[in-house]
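Novice: The structure's right below; bear with me while I get my questions together.
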Amino acid sequence: MQLQRELDRLGGKHKAIKDELAIAMTLATEVAVALEEQGEGEKNLDEAMQSYITMEKLLQDHATIIGEVRNVLRNEEGETNLVELIDRRHAEAAEEDAQFQRHPRYREFRQKVWKVHHPDEALPDEANDDLVVMATQDENNLMCPITRKLLVEPVKNKEAILAHMKANKRKGTKCPVAGCAADVTQLEEDREVSYRVEREAKRANSSKRKRKARNDDYTQV
């Protein structure tokens, strides 16, 4: 059906835009930290982060509506007026504001900027229970989801995961997250992680060159 194909096309576009927004949030955080280190304000970047989060919410709302329309078409609910359904869902979504303060990427943004000059202090408006939850999440993010061991080189490696899947001598491997029975059988590119890895590689190379230059200067003296 032509409508189904159009919905699939829109779904693909939503994912591509969401990936771009994730990269933009990462870049905004890095630039804000750099500006804070230089003693310059990052107010415009704070506003940019809020704009990105608002756009992300709109995309998610659209994706939810598309999913609902798909279900109607799949179940052949001929009596359902799709136009009325879409208009109603859009109106409901518009009444819900994006929750900036509780968005993980916005909190990460504010925390990293704050830590520049307050490395040992928590954000003043962070509740203790929230800090505990976030600390636990950060700790979990340092664990490899396949081996459940602490990451040695925290990069995403498709070949390593494929090798692990093949080592199980069956198609795919069980998800290592407790309580999840899903099989890991397919991989897809994570553009945000790829971007972060690229940025980290450049930063590491830059630091290495600076250390070498300092060592060379010391040797000459």
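According to full-length UniProt numbering, the sequence shown is numbered sequentially starting from 1.
Just so you know, even glycine gets a beta-carbon here, dropped at the ideal spot from N, CA and C.
#1: Just to confirm, are phenylalanine 109 and threonine 29 a CB contact at a threshold of 7 angstroms?
#2: When burial is assigned at 16 or more other CB atoms within 10 Å of the CB, is glutamate 6 buried or exposed?
#3: Just tell me which of Asp46, Ala32, Asp8, Ala213 has its CA closest to the CA of glutamine 101.
#4: Answer with buried or exposed for glutamate 92, where buried requires no fewer than 16 other C-beta atoms within 10 angstroms of its C-beta.
#5: Near valine 33, which residues of its chain fall below 7 angstroms by C-beta distance, leaving aside the five closest residues on each side in sequence?
#6: Assuming alanine 98 and lysine 57 make a contact with CB atoms under 8 angstroms, what is their CB distance in whole Å?
#7: So alanine 63 and glycine 11 are in contact, right, with Cβ under 8 angstroms, and what is the actual spacing, rounded?
#8: Assuming contact is defined by CB atoms lying nearer than 7 angstroms, are leucine 85 and lysine 18 in contact in what I supplied?
#9: Alpha carbon to alpha carbon, what distance is there between asparagine 205 and glutamate 121?
#10: Can the beta-carbon of isoleucine 65 be found less than 7 angstroms from the beta-carbon of arginine 89?
#11: Distance, Cα to Cα, proline 104 vs serine 51?
#12: I need the straight-line Cα distance from asparagine 75 to glutamate 96, nearest angstrom please.
#13: Pull up the distance between the alpha-carbon of alanine 94 and that of aspartate 8, whole angstroms please.
#14: Where leucine 21 and histidine 14 are concerned, what is the direct C-alpha to C-alpha distance, given to the nearest angstrom?
#15: Going by beta carbon distance, what residues of the same chain come within less than 7 angstroms of glutamate 37, once the five residues before and after it are set aside?
#16: Label valine 83 either buried or exposed according to how many other C-beta atoms from any shown protein chain fall within 10 Å of its C-beta, with 16 as the threshold for buried.
#17: What residue from Asp216, Thr26, Ala213 has the CA that sits closest to tyrosine 106's CA?
#18: Starting from alanine 93, trace the alpha helix (DSSP H) in both directions and tell me its first and last residue.
Specialist: The relevant details are as follows:
#1: Working through the sequence shown from its first residue, we reach residue 109 at position 109. Working through the sequence shown from its first residue, we reach residue 29 at position 29. For phenylalanine 109 and threonine 29, yes; Cβs fall inside 7 angstroms.
#2: The count along the sequence shown starts at 1 and reaches residue 6 at position 6. By the neighbour-count rule (16 or more Cβ atoms within 10 Å), glutamate 6 is not buried but exposed.
#3: As a first step, residue 101 must be located in the sequence shown, where it is residue number 101. The shortest Cα separation from glutamine 101 among Asp46, Ala32, Asp8, Ala213 belongs to Asp46.
#4: Along the sequence shown, read from residue 1 onward, the residue named residue 92 stands at position 92. Glutamate 92 should be labelled exposed.
#5: Counting from 1 along the sequence shown, the entry for residue 33 is found at position 33. Hits under 7 angstroms: Lys112, Val113, Val116.
#6: Position 98 of the sequence shown, counted from the first residue, corresponds to residue 98. Position 57 of the sequence shown, counted from the first residue, corresponds to residue 57. Confirmed, Cβ separation roughly 4 angstroms.
#7: In the sequence shown, the residue the question calls residue 63 occupies position 63. In the sequence shown, the residue the question calls residue 11 occupies position 11. Going by Cβ atoms, the distance from alanine 63 to glycine 11 rounds to 7 angstroms, so yes, they are a contact pair.
#8: The count along the sequence shown starts at 1 and reaches residue 85 at position 85. The count along the sequence shown starts at 1 and reaches residue 18 at position 18. Going by C-beta atoms, leucine 85 is not nearer than 7 angstroms to lysine 18.
#9: Position 121 of the sequence shown, counted from the first residue, corresponds to residue 121. Position 205 of the sequence shown, counted from the first residue, corresponds to residue 205. Going from the Cα of glutamate 121 to the Cα of asparagine 205 covers about 30 angstroms.
#10: Counting from 1 along the sequence shown, the entry for residue 65 is found at position 65. Counting from 1 along the sequence shown, the entry for residue 89 is found at position 89. Yes.
#11: Taking the sequence shown and counting its residues from 1, the one referred to as residue 104 is at position 104. Taking the sequence shown and counting its residues from 1, the one referred to as residue 51 is at position 51. Going by the C-alpha atoms only, they are around 15 angstroms apart.
#12: Numbered from 1 along the sequence shown, position 75 holds the residue referred to as residue 75. Numbered from 1 along the sequence shown, position 96 holds the residue referred to as residue 96. Spanning the two alpha carbons is a distance of roughly 28 angstroms.
#13: Here residue 94 is taken as the residue at index 94 of the sequence shown, counted from 1. Here residue 8 is taken as the residue at index 8 of the sequence shown, counted from 1. Cα to Cα, alanine 94 sits roughly 23 angstroms from aspartate 8.
#14: Here residue 21 is taken as the residue at index 21 of the sequence shown, counted from 1. Here residue 14 is taken as the residue at index 14 of the sequence shown, counted from 1. The alpha-carbon atoms of leucine 21 and histidine 14 are separated by roughly 10 angstroms.
#15: The residue given as residue 37 occupies position 37 in the sequence shown. Answer for glutamate 37: Val116, listed in chain order.
#16: Taking the sequence shown and counting its residues from 1, the one referred to as residue 83 is at position 83. Its Cβ having fewer than 16 others within 10 Å, valine 83 is exposed.
#17: Indexing the sequence shown from 1 puts residue 106 at position 106. Out of Asp216, Thr26, Ala213, Thr26 has the C-alpha closest to the C-alpha of tyrosine 106.
#18: Position 93 of the sequence shown, counted from the first residue, corresponds to residue 93. Alanine 93 -> alpha helix (DSSP H) spans 82-94.
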